[in-house]
Each structure stands twice: as C-alpha cells, then as structure tokens.
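Each residue of the first sequence is one higher than the one before, counting from -12 in the numbering used here.
Working notes, beginning with the structure itself.
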Amino acid sequence: MSETLLQDLKARGLVAQMTSEDELEKHLADGSVTLYCGFDPTADSLHIGSLVPLLTLKRFQEYGHKPLALVGGATGLIGDPSFKAQERKLNDDSTVAGWVEKLKAQVSAFIDFEAGEKSAEVVNNLDWTQNVNVLSFLRDVGKHFSVNQMIAKESVKQRIDREGEGISFTEFTYMILQSYDFQQLNASHNCTLQIGGSDQWGNITGGTELTRRMNGNQVFGLTLPLITKSDGTKFGKTESGTIWLDANKTSPYAFYQFWLQTADADVYRFLKYFTFLPVAEIDALEKADAERQGRPEAQKVLAEEVTRLVHGESGLMAARRITDALFSGDTSELSEQDYAQIAQDGLPSSALKTGELSETPLTTLLSEAGMAPGGKQVKDALQRNAVIVNGQAHGVEDNMNAPQVFAVEKALYGKYFLVKLGKKKHHLFTLG
RNA sequence: GGUGAGGUUCCCGAGUGGCCAAAGGGAUCAGACUGUAAAUCUGACGCGCGAGCUUCGGUGGUUCGAAUCCACCCCUCACCA
C-alpha cells in the first residue's frame, strides 16, 4: 500500500476532525498504534450507525494497528448527553449487562483476534470503573475538569441553553467517565488514539487532555463524519424501523434491500464509507454509471459488499435469492424448494389458519401479519388494487372474502400464498 | 421550599365550553411517473371492513355538553433560595 491510512480515510471522506494532523500522521507512520472506539449498550444490538466506526477499526487493523473495541458497561449506565435533545431514561444494570454481552459478540465479528501483535481486544469500561471510590475519583480525576469548559462544549450547549430542557449531573458527568476510559487504556494498553463519531469530539478531546495531565502522554483523537442523506432524513431508519446488525432483528434480506434502495445522490459516498473497495474503483464505477443511461450499478455493488461484510457470504446469497425471486417479476416459476428457502432466508412469513378466514377481513389479516401498521393502510392499498396474492390483484370488494382469496386450490404447491402489498412489501403465508 | 412556564393524536405545534377525532408542518404509508433512486402530483394517516368505539398528564367535579371551566394530584423545565 503506497497510500497512507490517513490519505485513504480522507479520500473516503471519513475524517471529520482530528487532533494535530501532522503529529498524528507521524505517529501512525512510526509503527503499530493501539487505538480504541467505544460502543455503548443502548439496545440489544448495534445498528448500522455503528458500522462506520466498526469498519474504521478494521481499516486501522489492515494498516497494521491494534484495535480495541470498548463496550460501555459503565458509560451505558449513565447515557451520553452529546447532542441529545433530552435527558434519557436510565436502563437498569442487569439489562445493560445483558446488552454488553451481545455487543461484545457483535463487535468481535468485525475485527481480527488472531493477528499477532495487532490482534484486536474487547474491553469493558465497567472493569475499571465499578470499584472506583467516589472521593478518589472526584479528587484524582474530577479535579482536572473545569466546569466552565465543560459547559462550553458544543455537545451539551443546546441542552444548557435551550428553554425547557436541562441536563442532570449524571449525564453531565458522562464526559468525565469517557475521558477516564482513555486515560486508563493509555496506561494499561498504551492506547494512543481514540476514534468515534463526530458527536464524540468533545468527549474525545476531554480524554486526550486528561491523559496528558494524568499520564503525561500525548494521545490523539479522530472523528468520523455523521452519515447524512441527500434528502435530509435520518440515515439508518426505514418504515419498519432501525436497521440492526443482528440478523435476528433485521434479516439479511431486509438489510440487503435497505442498501439497494439507496438514493443515487448518496450511493457513491456510501460506497466509500461502508466498503473496502478502493476509492479509484468507486470513482470508475460512478463514471461508468453516468455514461450509461438508465439504472446505475452502484446500489447493487453497495448492497452486496455491505451485506457480505455484516452477514457473510451465506447471508448475502440468501438475500439475493429472495430478491431475485420477488423482484424478477414472475414468481410463478419458483420451485417448491424455493418457497421453503425463501421463508427460511428471512422473508417475513406466517401460518394461515383456514378455519378463521371467513371471520377475518383482509385488512386485519395483513396488518396482523405485520405488512402494515394498521388496517387503514391495507384498505388504502386495496382501494388502489395494490394487494397482490399469488400474482392476482385484489380490491376492496374482496376485503371480507378471505376464504376465496386464500382458497386451498389457489395455493401454490398446495400451501403457499405470496402476498405483495405495494411495490416492495412481501409476505409469505403458509397453510397449515 | 418559593416563583414562573408547561404536559394535545409518532414528532413539532394550533386549539380556551358545542361547528373537535381535534388546524398546520414534519415523518410515515399507498398510487401515478420511474429504475425496488430522487423530484413532482394524488390519496391515506387514533382504532374498526362497517355500524361504531376510544383519546388531549392522572383522578374527581361543574354542565344538556369539557382538550377547553373548577379541585386535588403526578411529571418536566427555568429562575430564585
């Protein structure tokens, strides 16, 4: 690799801010550096918002550095106030402890633990926080923080300035805890770099400062950009909610579809953020797409690359299998095995109880199957003939006609009904 | 503890006795056009196929009638102590 890591990161647009660029460049060139990134347990799975930092740890490792993934067993109990509009509810400690275990496993999938000197490690800040004595913490650590400076941080400013909001001492202290993590990791692992989202800048610089004061060492910080979408909506959410990394919460198929639906205006940027394809290759793809009329290739490349990174080759194959089946237009050509496979691969599916059909309107049936949040949406689709069962469109007149719509003789292979609501939502009903 | 401002349907936010299932915006969903993209236009958007049913922090009350008035309570925020 003739390019340096920092050059690559910059070319990808992955650097938001960093502490003293020249010195960091020199430091990284000097040899293997130990760096860390924290992930707080705020749910039982990470979502794609954490993907950029995770992949960045991996990028560092590929360039010969040693990544530490910190799981916030302690900080997760407090809650990071950075750029949060409101004070958050505290989660109880057994819940957080359970989440910590899940995150550990998830984070581990992205970095290499068998890489000699640069082997990754997972650490938990509860380990060095839980037995700290309040008084010594206040005297040894707290003394290094100026409340004036803390209040001035952009990340808490809106909470302090905004009419009608406030910040508890608990959340206000979060920054000190995170700073303490950096100082501890510097002492125990010779960790000299922290990376994180751009919202973490205040917390990270707090840590570099504390480490300098307590350990006398110069350490560095680098933040990654906030992922934005061209249409201004929040990245990582869809109609069905958050896109999680856990295959049980977001199936590889749904995950693949998420990336496939990326807007043209975002897709090349996302390729740089979320894949390991060389920047030159991405630029070439963009050029090729622009020259060719019609549908670009980029979304497909993005979906394949990211799905493979998160769910592996088998997850990707499953996602593609379903996608090909559902969007090729002609689902009647699918074999019986294909249907069995589709359900197993992650397409939402449910059993159909023939006995209850006469009592159940389609609106209830489909919304309860999870195809729509309420019967109203199904009704709306029915009025537009947008409900398609095994290739046949149905309108409102069939609403109370479930037994006919789902008549056994119409089932494919005697048991399957593939229902399509609108253009993108599919559900497989199985008799029995 | 005191003073002030607040708590409305996913979010923001109007509404101060009937015309309120509750303005407007956002988000979301469906349709048209497309390329499973964007933009645009159309429709939906408490629940219910429907008759209808249940909402405006909570509980009681006034009234023919309450999101709106009264009492008490809970919660949030700001400032002061």
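Yeah, the Cβ is synthetic: ideal placement off N, Cα and C, and Gly gets one too.
Euclidean distance between Cα positions of ILE214 and PHE222: Within the first sequence, residue 214 is the residue found at index 227, counting from 1. Within the first sequence, residue 222 is the residue found at index 235, counting from 1. When rounded, the distance between both Cα atoms is 7 Å.
Backbone CA spacing between ARG75 and THR417 [nearest angstrom]: Looking up residue 75 in the first sequence gives position 88. Looking up residue 417 in the first sequence gives position 430. Going from the Cα of ARG75 to the Cα of THR417 covers about 42 Å.
Rounded C-alpha distance that separates LEU313 from HIS413: Residue numbering aside, residue 313 sits at position 326 when the first sequence is read from its first letter. Residue numbering aside, residue 413 sits at position 426 when the first sequence is read from its first letter. Each residue's alpha carbon lies about 8 Å from the other.
Where the alpha helix (DSSP H) containing ILE191 begins and where it ends: The residue given as residue 191 occupies position 204 in the first sequence. Here the alpha helix (DSSP H) through ILE191 covers 188 to 202.
Status (buried if at least 16 other CB within 10 Å, exposed otherwise) for PRO239: As a first step, residue 239 must be located in the first sequence, where it is residue number 252. Buried is the label assigned to PRO239, since at least 16 other Cβ atoms lie within 10 Å of its Cβ.
Euclidean distance between Cα positions of PHE124 and GLN364: Sequence index remark: in the first sequence, residue 124 carries index 137 (1-based). Sequence index remark: in the first sequence, residue 364 carries index 377 (1-based). When the Cα atoms are used, PHE124 and GLN364 turn out to be separated by approximately 55 Å.
Contact check, LEU408 vs ASN377, beta carbons under 9 Å: Locating residue 408 in the first sequence gives position 421, counting from the first residue. Locating residue 377 in the first sequence gives position 390, counting from the first residue. No. Outside cutoff.
Close beta carbons around ALA250, own chain, < 6 Å, minus the five adjacent residues each side: Within the first sequence, numbered from 1, the residue matching residue 250 stands at position 263. Within the same chain, ALA250 has close Cβ partners SER217.
Beta strand (DSSP E) runs contained entirely in the stretch -4 to 31, provided each spans 3 or more residues: For the stretch -4 to 31, whole beta strand (DSSP E) runs of length 3 or above, ordered along the chain, are 21 to 26.
8 Å Cβ shell around GLN93 - same chain, five flanking residues per side excluded: By one-based count along the first sequence, residue 93 stands at place 106. Correct list, in chain order: SER32, LEU33, LEU232 and ASP233.
Classification of LYS274 by the beta-carbon crowding that lies within 10 angstroms, buried from 16 upward: If you number the first sequence from 1, residue 274 lands on position 287. By the 10 Å Cβ count, LYS274 comes out exposed.
DSSP beta-bridge partners of LEU293: Residue mapping note: residue 293 aligns to position 306 of the first sequence, counting from 1. As written in the sequence, residue 293 is Val, which differs from the Leu given in the question. Paired residue(s): none; VAL293 is not in a bridge.
Extent of the continuous alpha helix (DSSP H) run through LEU264: Within the first sequence, the letter at position 277 stands for residue 264. DSSP places LEU264 outside any alpha helix (DSSP H), giving it a letter other than H or E.
Exposure label - LYS261; buried when at least 16 CB within 10 Å: In the first sequence, residue 261 corresponds to position 274, counting from 1. Note on residue identity: the sequence assigns Phe, not Lys, to residue 261. Within a 10 Å sphere around the beta-carbon of PHE261 sit 16 or more other beta-carbons, which makes this residue buried.
Spatial neighbours of ARG200 in its chain, beta-carbon cut-off 8 Å, leaving aside the 5 residues before and after: Looking up residue 200 in the first sequence gives position 213. If we look at ARG200 and ignore the five residues flanking it on each side, its Cβ neighbours are HIS131.
Under 9 Å between C-beta atoms of THR237 and THR229: In the first sequence, counting from the first residue as 1, residue 237 sits at position 250. In the first sequence, counting from the first residue as 1, residue 229 sits at position 242. Result yes, Cβ atoms of THR237 and THR229 sit closer than 9 Å.
Proximity of PRO68 and GLU158 at Cβ, strictly below 9 Å: In the first sequence, residue 68 corresponds to position 81, counting from 1. In the first sequence, residue 158 corresponds to position 171, counting from 1. Yes.
Backbone CA spacing between GLY59 and SER7 [nearest angstrom]: Working through the first sequence from its first residue, we reach residue 59 at position 72. Working through the first sequence from its first residue, we reach residue 7 at position 20. GLY59 and SER7: Cα-Cα distance of roughly 27 Å.
Beta-carbon proximity of CYS24 to LEU(-8), cut-off 9 Å: Position 37 of the first sequence, counted from the first residue, corresponds to residue 24. Position 5 of the first sequence, counted from the first residue, corresponds to residue -8. Here CYS24 is not near LEU(-8), since their CB atoms are 9 Å or more apart.
Neighbourhood of SER95 by C-beta distance below 7 Å, restricted to the same chain and skipping five residues each side: Indexing the first sequence from 1 puts residue 95 at position 108. Contacts found: VAL109.
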